[in-house]
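Start counting the first sequence at 1; every next residue gets the next number (full-length UniProt numbering). To keep things clear, I will list the structure first and then write my remarks on it.
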Amino acid sequence: MPNMEPQAIDIKVFQTILLTWFKEHGRWFPWRESGLSSYQLLIAEILLQRTKAATVDKIFTHFFNVYPNWKVIASAKLEEIENTLKPIGLHKQRAERLQKLAQKMNLNDSVLLSSRAELDAIPFIGQYIGNAVELLIQGKNKPLLDVNMARVLERYFGHRKLKDLRYDKYLQALAHDIVDHPDSISLNWAILDFAALVCQSRVPKCSTCVLQQTCTYYLTVVEIKNFRNE
DNA sequence: AAGGCGGGGAC
DNA sequence: GTCCCAGCCTT
1 MPNMEPQAID IKVFQTILLT WFKEHGRWFP WRESGLSSYQ LLIAEILLQR
51 TKAATVDKIF THFFNVYPNW KVIASAKLEE IENTLKPIGL HKQRAERLQK
101 LAQKMNLNDS VLLSSRAELD AIPFIGQYIG NAVELLIQGK NKPLLDVNMA
151 RVLERYFGHR KLKDLRYDKY LQALAHDIVD HPDSISLNWA ILDFAALVCQ
201 SRVPKCSTCV LQQTCTYYLT VVEIKNFRNE
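The structure is reproduced here in structure tokens:
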């Protein structure tokens, strides 16, 4: 039964193995540095939407040199923001949203970012970024549940029922249980890095995967193929 | 539930 | 050329 809620021991194994993997193979990005402002953290999440982390990395430093705070974005020319964002795509949409957000946040971002109710009322902040703010700014144990984390969890523990991951109770509960850990941030990053480097969408590297012995996908799909020598 | 946004890298 | 990427809004 792939949709059964996993036992606590299963989650513990998953957490422990991935954190160990992360210490050796985890990626480094500037937005993971300590001491970033809530401005930088929030902008980073918007830049990362539907965009590879390595791609965002290329313009990240430059972007904050040009736009160091909400005020500068709020008063900038929209076309210039678009040009700055062009190399990472979705630039027209993102530039407009960033500027509107900046005009709102410029007043009092510390208040707006302090509670989930406030966050949910802000345009362009959905479930993912809401969780990211709670995790990275408020210090809560919340999952960065995107298509990549979903893919890892579903391959390992079993597939969700609903197409839209935001409404799938099983996947939501599972993700929350997984990152309910003293080092929730590292665990989140570990899963995202693992998704990008090992448990990839098209050709996952199962043969060298540290989770293969306990992975549903490996045990029910990959190993059977190997047995048949396909 | 489905469509649109988008350049860039991997294959 | 095709697929995918730290989503979200509109219809």
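Built from N, CA and C at the ideal position, the CB exists for glycine as well.
How should residue i be labelled, buried or exposed, when 16 other C-beta atoms within 10 angstroms of its C-beta is the threshold for buried?
| i | result |
| --- | --- |
| N108 | exposed |
| Q93 | exposed |
| A173 | exposed |
| R155 | buried |
| P143 | buried |
| Y167 | exposed |
| D120 | exposed |
| A175 | buried |
If you draw a straight line from the C-alpha of residue i to the C-alpha of residue j, how long is it?
| i | j | result |
| --- | --- | --- |
| F14 | L211 | 8 Å |
| A8 | D180 | 11 Å |
| N106 | K205 | 45 Å |
| K169 | K161 | 9 Å |
| I46 | W189 | 17 Å |
| S34 | F227 | 47 Å |
| W31 | Y67 | 15 Å |
| L192 | E80 | 31 Å |
| T61 | E223 | 44 Å |
| M1 | F157 | Here the model assigns M1 a pLDDT of 47, short of 50, so the residue's position is not dependable and the matter cannot be decided. |
| H40 | W21 | It is worth fixing the name first, because residue 40 is Gln in this sequence and not His. Distance between the alpha carbons of Q40 and W21 is about 28 Å. |
| K225 | S207 | 12 Å |
| T214 | I11 | 11 Å |
| S114 | K58 | 30 Å |
| V198 | V147 | 15 Å |
| E24 | I137 | 26 Å |
| T51 | F194 | 17 Å |
| R97 | C209 | 39 Å |
| A102 | S38 | 12 Å |
| A76 | L219 | 54 Å |
| T216 | L78 | 48 Å |
| residue 253 | N141 | Residue 253 lies beyond the residue range present for the chain, which begins at 1 and ends at 230; the question has no answer from this structure. |
| L36 | R27 | 18 Å |
| F159 | V221 | Correcting the residue identity first, residue 159 is His in this sequence and not Phe. H159 and V221: Cα-Cα distance of roughly 13 Å. |
| L90 | G139 | 30 Å |
Am I right that residue i and residue j are in contact with their C-beta atoms under 8 Å? What's the rounded C-beta distance?
| i | j | result |
| --- | --- | --- |
| R116 | G130 | 6 Å |
| S201 | L135 | Contact doesn't hold; Cβ gap of about 24 Å is too wide. |
| L19 | V133 | With a Cβ gap of about 23 Å, L19 and V133 do not count as contacting. |
Heavy atom of the ligand ATP less than 7 Å from the Cβ of residue i, yes or no?
| i | result |
| --- | --- |
| N141 | The model on display carries no ligand, and the ligand ATP is accordingly not part of it. |
Please go through the UniProt domain "HhH-GPD" (47-197) and give each complete alpha helix (DSSP H) segment of 4 or more residues, from N-terminal end onward. The UniProt domain "HhH-GPD" (47-197) contains these whole alpha helix (DSSP H) runs: 53-66, 70-75, 78-85, 91-112, 116-120, 127-136, 147-157, 169-179 and 184-197.
Can you confirm whether the region 148-163 touches the region 71-80 when touching is taken to mean that 3 or more C-beta pairs between the two stretches lie within less than 8 Å? The region 71-80 is not in contact with the region 148-163.
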